[in-house]
Every structure is written in structure tokens, then in C-alpha cells.
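Colleague: So that we are looking at the same thing, I have put the structure below in C-alpha cells.
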Amino acid sequence: MRKIKIIHIITGLPFGGAETMLFDLARRLSADNFEVKVATAVRGGPLVQDFKEAGIEVRIFEKRGKIGLGLIFKLWRFLRREKPDIVHTHLFGGDTWGRIAAVLARVPIIISTEHNTNLDEGWAKRKLKKFLSHFTKKIVAVSEAVKNYSVVYDKIRAKKIVVVQNGIDLEKFISSSEKDFGDPPIIGVVGRLEEQKGYKYLFEALNLIKTIPWILWVVGDGSKKSELERLAKDLNLRERIIFLGARRNIAEILNQIDIFVLPSLWEGLGIAVLEAAAAGKPIVASRVGGIPEIIEEDRTGILVEPKNVKSLADGLEHILLGSAEAKEMGARARAMAEEKFGVEKMVGSYENLYKELVNKKIT
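Take 3 as the starting number for the sequence shown in my numbering and just add one per residue.
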């Protein structure tokens with residue numbers, strides 16, 4: 003049987019959950035059965051080199067202008083030359099430009115993975131997603147929450163959506179749930195410095211914790227960095243909040259922290275939460291998107307309402323004061339990650355989906 007040729011199209015390749023998921027998927031697909039290439043619209047993403055070192059060709063078609071008509075033309079020409087069996091798109095830019103180009107190039111099978119939920123998304127984007135869904139064989143939701151969001155808000159037919167939860171490479175993460183808290187305990191947060199991640203509310207919550215020592219490590223970069231540094235200074239927390247920037251060694255960092263927090267306003271599933279669970283950390287996170295599909299309330303972590311500063315402070319304080327309970331939470335989180343969220347399970351689900359769609363096309 004000949005290999006199934008897949009071209010993934012994604013907006014860019016910075017450090018991010020969707021981009022990391024694509025890297026883990028692309029490099030693990032069976033080389034005997036699949037040929038994989040990646041196309042992106044943004045030059046210079048730090049993951050580009052990782053793909054190349056894994057032997058995966060990355061083609062960069064830079065977007066010029068607001069709409070990206072030139073980018074669509076370049077992608078169309080690329081797809082006409084490559085003749086893939088499947089185009090698989092990711093994130094709004096990749097979904098839009100990639101699906102339009104794939105339709106024009108008459109690619110037989112188009113798949114889109116929906117990585118996120120965003121209730122603030124405008125009607126125009128939702129209308130466009132609904133329109134493009136008519137040309138899409140399957141839409142993959144990374145969680146049940148994303149599937150429900152796509153049905154309710156994007157008006158996508160439920161039978162067109164399949165749920166494949168993200169998985170992570172568990173071998174990269176050593177469970178350190180038995181480790182005693184440091185003095186002071188280190189709280190860690192990993193994510194782009196953008197509004198979605200809710201850093202503002204985290205800083206305000208930490209400002210309410212007056213009697214317990216703590217240090218916060220902020221891992222990530224983004225457009226809100228200067229604003230967040232000013233907020234930390236205004237709250238007189240600048241010496242306790244340490245901005246580490248974007249890092250590759252996430253597993254090593256997670257091994258050093260004591261508590262993981264993710265105060266997001268919206269999420270699809272939350273790769274960072276999965277990684278913290280794999281590292282055996284007690285977790286405090288927002289009750290949004292697919293995060294409740296990872297965290298079992300008061301067993302593997304604590305869920306709080308988004309933007310609720312007092313609730314977030316209470317959750318963090320509860321874990322800071324309960325080291326023994328926190329260890330148990332961390333151990334259960336690791337066991338849950340091993341049972342449900344190994345990367346092999348995710349890759350196997352995608353391989354089966356690709357084969358099923360290609361076989362249907364042939365027959």
C-alpha cells in the first residue's frame with residue numbers, strides 16, 4: 003500500500019499548545035504509512051528547527067497584506083504541485099488560508115483541528131468557519147468542550163466532528179509528587195503572555211496571599227509582557243514574580259516548581275495542564291473549555307471560575323497550606339495522565355482517522 007501524503011497547514015510555529023501537539027503528531031506518524039510535510043505563514047517560529055531536526059519538511063509562505071490573497075495563491079500552487087491525499091489545517095489563519103487553497107487545488111480530503119474555545123470570537127469569524135466546514139470532511143475537536151462549542155457557536159453539524167484529545171510525551175516528564183515544597187514554594191505558570199491566559203487575575207490573586215511565602219515563575223512570552231511587568235511592579239510583587247521568557251526545557255522547569263496554575267479565560271484542552279499533571283504537580287486552573295476533562299475536582303487539582311480573583315487566591319492558598327494533600331493530588335494527576343493522555347493514544351486516533359477517510363475515498 004502506498005503512503006498517505008499529508009500536508010499540515012498552521013498559522014505559525016511559536017511555542018504553543020497547538021504547535022506542540024502538531025510537532026508530537028507529525029514526528030510520530032508511522033513513516034511506513036504516512037508522508038508528512040508542514041506549511042506555515044509566519045517566518046522564524048522557534049519550532050521550525052525542531053521539525054527540521056525530526057526530518058519533517060517545513061515550507062514557509064509569508065503572508066503579506068491584511069487578507070492574505072497572495073498567501074492563498076502560493077499555498078494553492080504548492081498543493082497543486084504536491085498533490086496530497088489530505089490537507090490538515092490548524093488555528094484560525096491556517097484553517098482559513100489552508101482550506102481555501104485546498105479547495106481551489108482540489109485536494110480530495112480536508113481536515114481541520116479545532117484547538118480552542120473563545121466566546122469573544124466575532125460573528126464574522128464564526129460565519130467563515132461555518133462556510134468552510136462545508137468543504138471539510140472532518141473537524142477534530144481536542145475536547146468534548148470544543149466539540150460542544152463548535153456545535154453551539156460555530157453551528158457545525160455534530161456528525162462532522164470527532165473528538166481526539168491531545169496527548170503528551172509522558173517519558174519527558176518525571177513525576178516529582180513526593181518532593182517537599184521549597185522554601186518559599188514555587189508556583190509555576192506556562193503560557194503565552196496574552197489576554198487569554200488570565201495573568202492579570204493571577205497577579206491580583208497572589209497579591210491577596212499576604213501571610214504565606216511564595217515565588218511565581220512565569221514561563222512564556224507575548225504582547226502583554228511589558229504590561230504585566232508594570233502590573234507586578236505596581237502591586238509591589240516584582241521581586242516575587244520572575245519572568246523566565248519562552249523556554250524549551252518545560253519538563254525541567256515543571257520538575258522544579260511545587261504548584262502549577264493556569265488562570266485562562268478560555269482553553270481548548272490545555273496542553274500546559276496535561277504537562278503539569280504528567281510532572282505530578284497539584285494544579286489550580288480555570289473551569290473553562292476542556293480543563294475539567296483533565297482535572298477531577300479536589301482529586302487531581304482545584305478548579306476556579308475564570309476572572310474570579312478571590313476564588314483563585316483561595317485555591318492557591320489551600321494548596322500552599324496543605325503540602326501532604328498537594329502531594330496526593332500530584333500523584334493522582336500523574337496516574338490520570340498516564341491512563342488517558344499518552345501521546346501514543348492521540349497519534350493512533352489520528353492514524354485511524356486518516357486511513358478511514360482515505361479508504362472511504364477509494365471505495
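Every residue, glycine too, gets a C-beta built ideally from N, C-alpha and C. Quick caveat: nothing in here was measured; it's all calculated off a predicted structure.
At what residues does the beta strand (DSSP E) containing residue 56 begin and finish?
Modeller: Taking the first residue of the sequence shown as position 1, residue 56 is located at position 54. Taken as a continuous stretch (DSSP letters only), residue 56 belongs to no beta strand (DSSP E), as it is neither H nor E.
Colleague: Please report the residue range of the beta strand (DSSP E) in which residue 44 lies.
Modeller: Working through the sequence shown from its first residue, we reach residue 44 at position 42. No beta strand (DSSP E) contains residue 44, which DSSP labels as neither H nor E.
Colleague: Going by alpha carbons, who is nearest to residue 10 out of 99, 48 and 66?
Modeller: By 1-based counting over the sequence shown, the position of residue 10 is 8. Answer by Cα proximity: 99.
Colleague: Just the Cα atoms here: how many angstroms apart are residue 39 and residue 27?
Modeller: Here residue 39 refers to the residue found at position 37 when the sequence shown is read from its first residue. Here residue 27 refers to the residue found at position 25 when the sequence shown is read from its first residue. Each residue's Cα considered, the two are about 12 Å apart.
Colleague: Smallest Cα separation from residue 260: which of 105, 123, 278 and 87?
Modeller: Locating residue 260 in the sequence shown gives position 258, counting from the first residue. Taking only the C-alpha atoms, the option nearest residue 260 is 278.
Colleague: Specify, as a first and last residue, the run of the alpha helix (DSSP H) that residue 133 falls within.
Modeller: Here residue 133 corresponds to residue number 131 of the sequence shown, with the count starting at 1. First-last of the alpha helix (DSSP H) with residue 133: 125–135.
Colleague: Tell me the DSSP secondary structure of residue 189 in three-state form.
Modeller: On the sequence shown, residue 189 is found 187 positions in, with the first residue counted as 1. Residue state for residue 189 is assigned as strand, using DSSP reduced to three classes.
Colleague: Need the endpoints of the alpha helix (DSSP H) that residue 14 sits in, please.
Modeller: Locating residue 14 in the sequence shown gives position 12, where the first residue counts as 1. For residue 14, there is no enclosing alpha helix (DSSP H), as DSSP marks it with neither H nor E.
Colleague: Going straight from the alpha carbon of residue 49 to that of residue 19, what length do you get?
Modeller: The sequence position of residue 49 within the sequence shown is 47, counting from 1. The sequence position of residue 19 within the sequence shown is 17, counting from 1. Computed Cα separation, rounded: 12 Å.
Colleague: Quickly, what does DSSP pair residue 351 with across the bridge? List them, please.
Modeller: Within the sequence shown, the letter at position 349 stands for residue 351. According to DSSP, which records beta bridges pairwise, residue 351 is partnered with nothing at all.
Colleague: If residue 220 sits next to residue 245, beta carbons under 8 Å apart, how far is it from one beta carbon to the other, in whole angstroms?
Modeller: The residue labelled residue 220 in the question sits at position 218 within the sequence shown. The residue labelled residue 245 in the question sits at position 243 within the sequence shown. About 5 Å; that satisfies the 8 Å criterion.
Colleague: Under 8 Å, with one C-beta from each stretch per pair, do the stretch 99–113 and the stretch 126–145 reach the 3-pair mark?
Modeller: yes
Colleague: Do the stretch 161–179 and the stretch 195–207 touch if we need at least three Cβ pairs shorter than 8 Å?
Modeller: Contact fails: fewer than three Cβ-Cβ distances are below 8 Å.
Colleague: What do you get for residue 154, buried or exposed, if any count of 16 or more other CB atoms within 10 angstroms of its CB means buried?
Modeller: By one-based count along the sequence shown, residue 154 stands at place 152. Counting Cβ neighbours within 10 Å, residue 154 comes out exposed, since fewer than 16 surround it.
Colleague: Compare the Cα-Cα distances from residue 144 to each of 351, 356 and 358 and report the closest residue.
Modeller: Along the sequence shown, read from residue 1 onward, the residue named residue 144 stands at position 142. It is 351.
Colleague: Considering only residues of the same chain and omitting the five flanking positions on each side of residue 242, which have a CB-CB separation below 6 Å?
Modeller: For the purposes of this step, residue 242 is identified with residue 240 of the sequence shown, where counting begins at 1. Only 217 meet the Cβ criterion.
Colleague: Hey, residue 82 and residue 64: beta-carbon distance below 8 Å or not?
Modeller: For the purposes of this step, residue 82 is taken as the residue at position 80 of the sequence shown. For the purposes of this step, residue 64 is taken as the residue at position 62 of the sequence shown. No, they are not a contact pair.
Colleague: If you reduce the DSSP assignment to three classes, tell me which class residue 72 lands in.
Modeller: As a position in the sequence shown, residue 72 is number 70, starting the count at 1. Three-state result, residue 72: helix.
Colleague: Contact check, residue 61 vs residue 41 under 8 Å by CB: the rounded distance?
Modeller: On the sequence shown, residue 61 is found 59 positions in, with the first residue counted as 1. On the sequence shown, residue 41 is found 39 positions in, with the first residue counted as 1. That belief holds up - the Cβ atoms of residue 61 and residue 41 are roughly 5 Å apart, short of 8 Å.
Colleague: With a cut-off of 8 Å, do at least 3 Cβ pairs link the stretch 104–113 to the stretch 69–83?
Modeller: yes
Colleague: Indicate whether residue 386 and residue 111 have their beta-carbon atoms separated by less than 8 Å.
Modeller: With the chain covering only 3 through 365, there is no way to say anything about residue 386.
Colleague: If I follow the unbroken alpha helix (DSSP H) through residue 102, where does it start and stop?
Modeller: Residue 102 sits at position 100 when you count from the first residue of the sequence shown. Element bounds for residue 102: 93–106.
Colleague: Evaluate the contact criterion for the stretch 223–241 versus the stretch 341–348: three or more CB pairs, one atom per stretch, below 8 Å.
Modeller: With the cut-off at 8 Å, the stretch 223–241 and the stretch 341–348 do not touch.
Colleague: Return the residue from the list 311, 263, 319 and 320 that minimises the CA-CA distance to residue 293.
Modeller: Stepping through the sequence shown from its first residue, residue 293 is reached at position 291. For the residues 311, 263, 319 and 320, the minimum Cα distance to residue 293 belongs to 263.
Colleague: Determine the DSSP secondary structure at residue 90, reduced to helix, strand or coil.
Modeller: Within the sequence shown, residue 90 is the residue found at index 88, counting from 1. Strand, per DSSP.
Colleague: Have a look at the DSSP bridge pairing and note the partners of residue 305.
Modeller: Reading the sequence shown from its first residue, position 303 is the one you call residue 305. 287, per the DSSP bridge assignment.
Colleague: Quick one: Cα of residue 164 to Cα of residue 113, how far?
Modeller: Along the sequence shown, read from residue 1 onward, the residue named residue 164 stands at position 162. Along the sequence shown, read from residue 1 onward, the residue named residue 113 stands at position 111. Near 11 Å, if we compare the C-alpha coordinates of residue 113 and residue 164.
Colleague: Going straight from the alpha carbon of residue 363 to that of residue 150, what length do you get?
Modeller: Start at 1 with the first residue of the sequence shown, and residue 363 comes out as number 361. Start at 1 with the first residue of the sequence shown, and residue 150 comes out as number 148. For residue 363 and residue 150, the distance between alpha carbons rounds to 28 Å.
Colleague: Does residue 337 get closer than 8 Å to chain D when you measure Cβ to Cβ?
Modeller: Absence of chain D from the displayed structure is noted, only one protein chain being present.
Colleague: Let me confirm a value: residue 35 is counted as buried when at least 16 other C-beta atoms fall within 10 Å, else exposed. Which label applies?
Modeller: Against the sequence shown, residue 35 aligns to sequence position 33. Classification for residue 35: exposed.
Colleague: Who are residue 299's beta bridge partners in DSSP?
Modeller: Here residue 299 refers to the residue found at position 297 when the sequence shown is read from its first residue. In the DSSP output, where bridge partners are listed per residue, residue 299 has 303.
Colleague: Could you please give the first and the last residue of the uninterrupted alpha helix (DSSP H) stretch that includes residue 342?
Modeller: Counting from one through the sequence shown, the residue named residue 342 turns up at place 340. Element bounds for residue 342: 325–342.
Colleague: I'd like the list of long-range same chain contacts for residue 6, defined as Cβ closer than 6 Å, with 5 residues on each side in sequence excluded.
Modeller: Here residue 6 corresponds to residue number 4 of the sequence shown, with the count starting at 1. Cβ within range, chain order: 36, 87, 356 and 360.
Colleague: Would you tell me roughly how many angstroms separate the C-alpha atoms of residue 1 and residue 347, rounded to the nearest one?
Modeller: Because the chain here runs from 3 to 365, residue 1 falls outside it and cannot be looked at.
Colleague: What residue does the beta strand (DSSP E) around residue 140 start on, and which one ends it?
Modeller: Position 138 of the sequence shown, counted from the first residue, corresponds to residue 140. Note, residue 140: beta strand (DSSP E), 140–143.
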